[in-house]
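Peer 1:
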Amino acid sequence: MLRSCAARLRTLGAGRGGARPPAGNPGPAQRWFSSEKLSANDRSLPNPSWNKDLRLLFEQFMKKCEDGSWTHMPSYSYKNTLSTQDFTTLIRDGKLPNKHLSQAQLFTRSYEEGLGFEYVMFYNDAENRTICFFQGGPYLQGAPGFLHGGAISTMIDATLGTSAMIAVGIVMTANLNITFKRPIPLGSAVVINSQVDKIEGRKVFVSCNVRSADEKTVYTEATSLFIKLEPGKSLT
Ligand SMILES: CCCCCC/C=C\CCCCCCCC(=O)SCCNC(=O)CCNC(=O)[C@H](O)C(C)(C)COP(=O)(O)OP(=O)(O)OC[C@H]1O[C@@H](n2cnc3c(N)ncnc32)[C@H](O)[C@@H]1OP(=O)(O)O
1 MLRSCAARLR TLGAGRGGAR PPAGNPGPAQ RWFSSEKLSA NDRSLPNPSW
51 NKDLRLLFEQ FMKKCEDGSW THMPSYSYKN TLSTQDFTTL IRDGKLPNKH
101 LSQAQLFTRS YEEGLGFEYV MFYNDAENRT ICFFQGGPYL QGAPGFLHGG
151 AISTMIDATL GTSAMIAVGI VMTANLNITF KRPIPLGSAV VINSQVDKIE
201 GRKVFVSCNV RSADEKTVYT EATSLFIKLE PGKSLT
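Numbering (full-length UniProt numbering), first residue to last: 1 to 236.
1) Nearer than 6 Å: is that true of the beta carbon of Thr223 relative to any heavy atom of ligand 1?
2) I need the DSSP call for Ser234, collapsed to helix, strand or coil.
3) Could you tell me the distance, in whole angstroms, from the CA atom of Glu221 to the CA atom of Arg211?
4) Is Ile166 near ligand 1 - that is, is its Cβ less than 6 Å away from at least one heavy atom of it?
5) On the CB-based measure, 16 or more other CB atoms within 10 Å of its CB, does Leu82 come out buried or exposed?
6) Considering only the beta carbon of each residue, do Thr130 and Met121 sit closer than 7 Å?
7) Does the distance between the C-beta of Asn41 and the nearest non-hydrogen atom of ligand 1 fall short of 6 Å?
8) Is the distance from the Cβ of Gly149 to the Cβ of Phe117 below 7 Å?
9) Contact check, Asn51 vs Gly187 under 8 Å by CB: the rounded distance?
10) Is any heavy atom of ligand 1 found at a distance shorter than 6 Å from the C-beta of Gly68?
11) Work out the CA separation of Phe146 and Asp125 for me, nearest whole Å.
12) Per the contact definition of three or more C-beta pairs closer than 8 Å, is the segment 163–178 in contact with the segment 195–206?
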């Protein structure tokens, strides 16, 4: 099952050693990205809000991409461009609750630069591992000076979901179990290190931990179950 990960990842728009979407005919998953690709607005690249740690981690892993062991995952907001057609063909009634679709965009990319979720993901095919470097901005505050638990959970869900999607295709989160061990300071860069632990039929079991950039502090741990969507089965 995991053998086709590299090919699947390429259809998701990732590039080895570069931050470009792929060329050629789009695969089913690549079409999620196709409209946004036109605007070439990859949000996973450094911007002035990134702190020193986040930049350093990004640069280190872009170097690791050069020998093909790691792959950079581009990331887009999908604002007004997400093609829902492929998703709707997956579900039996072919309908999504689309009242607000014209305004829809990816939650984690819906804040202005530096205010919300600043992050970049890399994938290691041989180890079935996805790593996310994340800096939470001031609009993600929970307890004063620290990240809101919901924001941490969101970023964990996105990282684990990406891991699961690379492994099997379109998935949804069935459960997510999180242990918050230490509060994460606003504006600090953290490392979300995730892996696919097991695949059983349509079930993908994934786990991760969240550490400080120097790896000394373990902030959070999580396990999750994702279910691969079954073509033709209604979600509602
Ligand atoms: C999606 C397009 C994205 C495009 C671009 C993406 C880009 C980047 C990726 C970012 C990743 C983001 C990740 C974010 C994901 C989410 O936030 S999803 C939102 C939250 N989740 C939901 O709303 C899901 C709601 N639940 C459901 O819709 C359904 O329950 C389900 C789809 C999860 C499963 O339903 P169904 O397909 O009918 O499966 P079942 O037949 O019920 O179950 C199959 C097997 O799984 C077991 N199972 C199901 N749920 C659970 C559970 N909660 N806990 C434990 N086990 C569960 C079930 O028992 C079956 O097992 P067996 O086969 O019988 O052994």
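Virtual Cβ for every residue (Gly too), placed ideally from N, Cα, C.
Peer 2: Here's the rundown:
1) no
2) coil
3) 9 Å
4) no
5) Caution is warranted here: a pLDDT of 44 is assigned to Leu82, below 50, making its placement in the model unreliable, and the coordinate value is therefore given only provisionally. By the neighbour-count rule (16 or more Cβ atoms within 10 Å), Leu82 is buried.
6) yes
7) no
8) no
9) 7 Å
10) no
11) 33 Å
12) yes
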